[in-house]
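Colleague: In our numbering, the protein residues as written are 38 to 296. Attaching a single structure in structure tokens format; questions to follow.
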């Protein structure tokens, strides 16, 4: 795991945008795992302006609320269309979001896993992190080897996402269909982006604390090619900051990204 600390949110977002654009440029048929959230809105705005073609890319989103149709303004399918897909030349047939409105959720979860495998597996998985430490909607006590499935959302997660529902937590669906922790760990590369002081404590737990099912993001410590990119505020509780900064300023792979 590599921890990269940038001076502010804008610089963190820019670095992730450049990394993803590079991955797509190097492999035009790249398979991307995508995330949602307010920080991702900034990322997708920048990424859509990069001089790259998405025509051959395949995308798989982490999760979707159960009970929302794809055209619902609060659905993640609608979110992705608004913030990324409509701004690029991607073929919508190559974009995938879990079917939270399926009659048979277990079968929908199985088919989602099969679709990922049929695409050759995820090359790069983009992640955010919830205040409860979840990646995707893998709430506390999610098994490290879990696969795509339906999950009940915690009150913390619903409160965190209430802003997308006019601030009314009661309107936030109580369940979601999500990639499992094991599904996420199967990706060839993982990039987690987090900004803001509200994420400082959980970032420290996830990257420096013990691996525990209570913080599903801590399982990322097991991945051989995981980058955690944060701003100064989100890094404020990290104990190993001096070392992380040394690595970034001395490793050859980061030379072209240094200021």
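Where is the CB? At the ideal position from N, CA and C, for every residue including glycine.
#1: In three-state terms, what does DSSP make of residue 136?
#2: Can you give me the Cβ contacts of residue 226 inside the same chain, cut-off strictly under 8 Å, excluding the 5 residues immediately before and after it?
#3: Would you give the residue range spanned by the beta strand (DSSP E) that residue 70 belongs to?
#4: Cβ of residue 53 within 9 Å of Cβ of residue 228?
#5: Could you check which residue in 88, 135, 165 has the C-alpha nearest to that of residue 266?
#6: Using 9 Å as the threshold, is the C-beta distance between residue 269 and residue 65 below it?
#7: Would you tell me roughly how many angstroms separate the C-alpha atoms of residue 275 and residue 237, rounded to the nearest one?
#8: Taking the straight line between their C-alpha atoms, what separation do you get for residue 243 and residue 88?
#9: By the three-class DSSP mapping on this structure, what secondary structure does residue 228 have?
#10: Straight-line CA distance for residue 253 to residue 86?
#11: In angstroms with no decimal places, state the Cα-to-Cα distance between residue 83 and residue 146.
#12: Rank 248, 134, 195 by C-alpha distance to the C-alpha of residue 209 and give the top, closest one.
#13: Please name the residue in 292, 100, 92, 247 whose C-alpha comes closest to that of residue 214.
#14: From which residue to which residue does the alpha helix (DSSP H) around residue 150 run?
#15: Indicate whether residue 177 and residue 250 have their beta-carbon atoms separated by less than 9 Å.
#16: Report, in whole angstroms, the separation of the C-beta atoms of residue 272 and residue 42, which I expect to be a contact under 8 Å.
#17: Look at residue 190 and residue 174 and say whether their C-beta atoms are less than 9 Å apart.
#18: What separation, rounded to the nearest whole angstrom, lies between the Cα atoms of residue 258 and residue 248?
#19: Take residue 218 as the anchor and find which of 184, 240, 245 has the nearest alpha-carbon.
#20: Hey, residue 120 and residue 81 are a contact pair by Cβ (cut 8 Å); roughly how many whole angstroms apart?
#21: Residues in the same chain with beta-carbon distance under 6 Å from residue 96, minus the five sequence neighbours each way, listed in chain order, please.
#22: Assuming the contact rule is C-beta atoms closer than 8 Å, residue 142 and residue 172 should be a hit. Round their C-beta distance to whole Å, please.
#23: Which of the three DSSP states is assigned to residue 98 in this structure?
#24: Buried or exposed: residue 182, going by 16 or more other Cβ atoms within 10 Å of its Cβ?
#25: Please report how far the alpha carbon of residue 38 lies from the alpha carbon of residue 179, in whole angstroms.
#26: Let me check understanding here. Comparing Cα to Cα, which of 151, 91, 55, 198 lies closest to residue 113?
Modeller: To lay it out plainly:
#1: coil
#2: 60, 160, 161, 162, 262, 263, 264
#3: 68-71
#4: Yes, the Cβ-Cβ distance between residue 53 and residue 228 is below 9 Å.
#5: 165
#6: no
#7: 8 Å
#8: Answer to the nearest angstrom: the Cα atoms are 34 Å apart.
#9: If DSSP states are grouped into helix, strand and coil, residue 228 belongs with the strands.
#10: 32 Å
#11: 31 Å
#12: 195
#13: 100
#14: 142-155
#15: yes
#16: Approximately 4 Å separates the beta-carbon atoms of residue 272 and residue 42; this is inside 8 Å, confirming the contact.
#17: yes
#18: Computed Cα separation, rounded: 7 Å.
#19: 184
#20: 4 Å
#21: Within the same chain, residue 96 has close Cβ partners 69, 71, 132.
#22: Their Cβ separation, rounded to whole angstroms, is 20 Å, which puts residue 142 and residue 172 out of contact at 8 Å.
#23: strand
#24: Label assigned to residue 182: exposed.
#25: 21 Å
#26: 198
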